[in-house]
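Everything below concerns the one structure shown next.
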Amino acid sequence: MNIQNRQKLSEIIKTARGSMSQRAFGKLLGVSATAVQLWERGDTVPDTENLGKLAARAGYTLEEFLSFLDGNPVSQPPEINDIVKKIQFLPLSQVALIGKAVADRFAASAEAAGE
Numbered sequence: 027m028n029i030q031n032r033q034k035l036s037e038i039i040k041t042a043r044g045s046m047s048q049r050a051f052g053k054l055l056g057v058s059a060t061a062v063q064l065w066e067r068g069d070t071v072p073d074t075e076n077l078g079k080l081a082a083r084a085g086y087t088l089e090e091f092l093s094f095l096d097g098n099p100v101s102q103p104p105e106i107n108d109i110v111k112k113i114q115f116l117p118l119s120q121v122a123l124i125g126k127a128v129a130d131r132f133a134a135s136a137e138a139a140g141e
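27 is the number of the first residue of the sequence shown in my numbering; add one for each residue after it.
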């Protein structure tokens with residue numbers, strides 16, 4: 027995997043981890059915190075099994091995930107399209123709750139990335 031792909035993978039891992047610690051995220055995937063740290067730094071690349079787990083956390087198949095890492099566009103997963111359609115018909119009070127959850131997620135991701 028080239029350096030650009032490793033950097034892209036690193037960002038995806040950090041985003042997928044969100045506000046979870048590296049230890050908690052590693053436990054979720056069945057790997058050590060050190061493995062997560064090495065992936066995020068781009069020092070090592072997850073094996074195929076763990077790439078598959080990361081792809082699933084991002085809502086993609088392994089093939090779509092690898093294609094994305096190679097710089098190819100990937101369409102949104104069908105679940106996302108369904109969620110967007112449902113949001114369009116929700117009462118505004120419920121949309122506000124979703125908006126807050128999204129904002130909280132972005133804040134946690136930015137904090138985890140050190141921004």
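Every residue, glycine too, gets a C-beta built ideally from N, C-alpha and C.
To the nearest angstrom, how far is the alpha carbon of residue i from that of residue j?
i    : j    : result
I109 : R67  : 33 angstroms
N173 : G125 : Look at the range of the chain in this structure, 27 to 141, and you will see that residue 173 is not part of it.
M46  : A134 : 9 angstroms
D96  : Y86  : 14 angstroms
V121 : N107 : 16 angstroms
L64  : T70  : 6 angstroms
G52  : R83  : 13 angstroms
T60  : A50  : 11 angstroms
I113 : N98  : 28 angstroms
G128 : L118 : The residue asked about is misnamed: residue 128 is Val in this sequence, not Gly. C-alpha separation (whole angstroms): 15 angstroms.
Is it buried or exposed, residue i, if we count other Cβ atoms within 10 angstroms and call 16 or more buried?
i    : result
P72  : buried
R131 : exposed
R43  : buried
I38  : buried
V62  : buried
Q48  : buried
I need the boundaries of the alpha helix (DSSP H) containing residue i, first residue and last residue.
i   : result
T41 : 29-43
G52 : 48-55
T74 : 74-84
V62 : 59-67
Give me the Cβ distance between residue i and residue j, rounded to the nearest whole Å; I'm assuming they're in contact under 8 angstroms.
i   : j   : result
F91 : L77 : 7 angstroms
L55 : K40 : That belief does not hold up - the Cβ atoms of L55 and K40 are roughly 14 angstroms apart, past 8 angstroms.
Residue ranges of each alpha helix (DSSP H) within the segment 93-140, 4 or longer | 104-113, 118-138
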